Structures are given as structure tokens and as C-alpha cells.
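Everything on this sheet refers to the single structure shown next.
In the working numbering, the protein residues as written are 12 to 256.
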């Protein structure tokens with residue numbers, strides 16, 4: 012006569028249970044920790060300073076810090092959610108009136124890469140000057156200001172840009188200028204991810220060209236596409252608004 016033994020399911024070791032509980036508690040604490048908007052603002056100022064923006068603007072580091080300091084209060088007020096790969100709660104923007112696009116674009120890099128960004132040769136001489144802010148977008152600062160609730164718009168990858176821009180407008184959001192797109196990649200290189208690049212619809216030259224940032228030879232590239240041509244790897248970036256000092 013054969014006896015049958017009942018197999019019991021092995022239980023986790025006590026230390027394994029303890030480790031799991033500790034990890035869960037750590038994650039909960041991390042999620043509960045509030046986003047420090049002031050620290051993020053200081054990080055962005057530090058990034059620009061380290062890249063040499065003050066010198067390009069003809070300012071000392073202290074003078075540059077004094078110029079942007081009044082925006083710190085607005086940054087804290089618009090704190091929002093913590094930064095993510097394709098989003099930032101706010102973005103410190105330096106306009107071309109302070110530092111030209113031709114000088115800021117080479118200061119961008121892709122995440123984990125060192126090659127400098129560049130302006131594509133498809134912009135004929137003098138073309139960048141003609142890509143100006145569209146009439147329905149109000150810039151709150153001549154030299155520096157904040158862009159709020161920034162999103163790279165990957166949901167619009169593969170969509171016709173004209174349709175995507177209309178959908179963004181219907182949500183009450185704003186498109187990004189060239190300077191704002193450069194600022195985004197400068198502060199968040201991971202935002203310009205493979206197959207998740209983005210157009211910048213708030214800078215136009217009066218024709219069907221739409222500025223865009225994408226990856227080329229392991230470098231950020233400022234180029235342009237046609238407003239009626241969709242690309243699976245190109246979305247349309249947007250923001251919740253802008254704020255001055």
C-alpha cells in the first residue's frame with residue numbers, strides 16, 4: 012500500500028519577507044516625498060551656468076544668477092509633478108535676445124552622449140531669423156522666463172502635425188518655440204529619445220515649415236518638417252503656459 016505525502020508550498024524566508032516589506036516602504040516614502048521645485052530651479056540655473064550661458068550673454072555668473080533669480084518664486088508656485096523623461100514641471104528659458112540660437116544649440120547633447128547639437132544646413136543663411144514667435148503666443152520676458160508643464164508630445168508621433176497642433180490648441184495648451192525646445196533638451200537630454208522626438212510649432216516663418224528637434228548621428232539636430240507630413244518618430248511638444256518674474 013502506497014502512502015501519499017502532501018507537499019506544502021515553500022514559504023518565503025523571514026529575511027526575504029522583511030526585505031520585501033522594506034522595499035515597499037521605501038517606495039511608498041519616495042512617492043510621498045514632495046517635489047522640491049526650488050531645488051529643481053537651482054539645478055537648471057546651475058546647468059546653464061556650467062555650460063557657459065553667462066559668458067555668452069556677456070554677463071558674469073553672479074549677474075546671470077541675479078537676472079534669473081526673480082523667476083525662482085514663479086518656479087516654486089508652478090512646482091507641479093517631479094520631472095520625468097518626457098516632462099518637466101517648468102523650464103528656465105533663455106531667449107535669442109540674450110544668447111543666439113546658433114550658440115545655444117551646440118551646447119545640447121543626447122543623454123549619455125557627448126557630441127554637440129547642431130542646426131541643420133536645410134536652414135538657409137538668414138532663415139533662423141525669420142522663424143519668429145507666432146502672433147497668438149505671448150512671451151513674458153525679453154531675456155528669460157519660465158515655461159510651465161512641459162511635455163514632448165509623444166502621443167502625436169505619427170499624426171499629421173497640423174492636426175496635432177489643432178488638438179493641442181483645443182486643450183488650451185501652447186506650442187513650443189525654438190528656444191524653448193533647445194532649453195528642454197538642455198535641461199532634460201532624455202526628452203529627446205529615440206522615436207520620441209518633437210516639433211516646435213510656436214516658431215514659424217510664414218510658410219509650411221515646422222521646426223523640430225530630433226536625433227542624428229548621436230547628436231541633437233534642429234531641423235524642420237512640413238506641417239502636413241507625419242513621421243512615426245516625431246511628436247509635437249506643448250506646455251501649459253508661460254510665466255515671468
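Glycine included, C-beta positions come from ideal geometry on N, C-alpha and C. Remember, it's a predicted structure, so these values are computed and weren't measured experimentally.
Cα separation between residue 251 and residue 184?
5 angstroms
Once DSSP output is grouped into helix, strand and coil, what is the label at residue 143?
strand
Taking the continuous alpha helix (DSSP H) assigned at residue 196, which residues delimit it?
189 to 198
Quick check on the DSSP output: the alpha helix (DSSP H) that includes residue 84 runs from which residue to which?
82 to 88
Reduced DSSP secondary structure (H/G/I, E/B, other) of residue 203
coil
Could you spell out the range, first to last residue, of the alpha helix (DSSP H) harbouring residue 64?
64 to 67
Taking the C-alpha atoms as reference points, what is the distance between residue 97 and residue 209?
10 angstroms
Among the residues of its own chain, which have a CB less than 8 angstroms from the CB of residue 112, if the five just before and after it don't count?
130, 139, 189, 190, 193 and 233
On the CB-based measure, 16 or more other CB atoms within 10 Å of its CB, does residue 74 come out buried or exposed?
exposed
The alpha helix (DSSP H) spanning residue 121 covers which residue range?
Premise fails: residue 121 is in no alpha helix (DSSP H) and is neither H nor E.
Endpoints, beta strand (DSSP E) assigned at residue 75
Premise fails: residue 75 lies in the alpha helix (DSSP H), 72 to 79, not in any beta strand (DSSP E).
What does a CB cutoff of less than 7 angstroms around residue 179 pick up in its chain, not counting 5 residues either side in sequence?
186, 247 and 249
Provide the residue(s) that pair with residue 168 in DSSP beta bridges, ordered along the chain.
Beta-bridge pairing links residue 168 to no other residue.
Should residue 87 be flagged as near chain D, meaning a C-beta pair shorter than 8 angstroms?
In the structure shown, chain D does not exist; there is a single protein chain.
Considering just the uninterrupted stretch of the alpha helix (DSSP H) at residue 113, what are its terminal residues?
112 to 115
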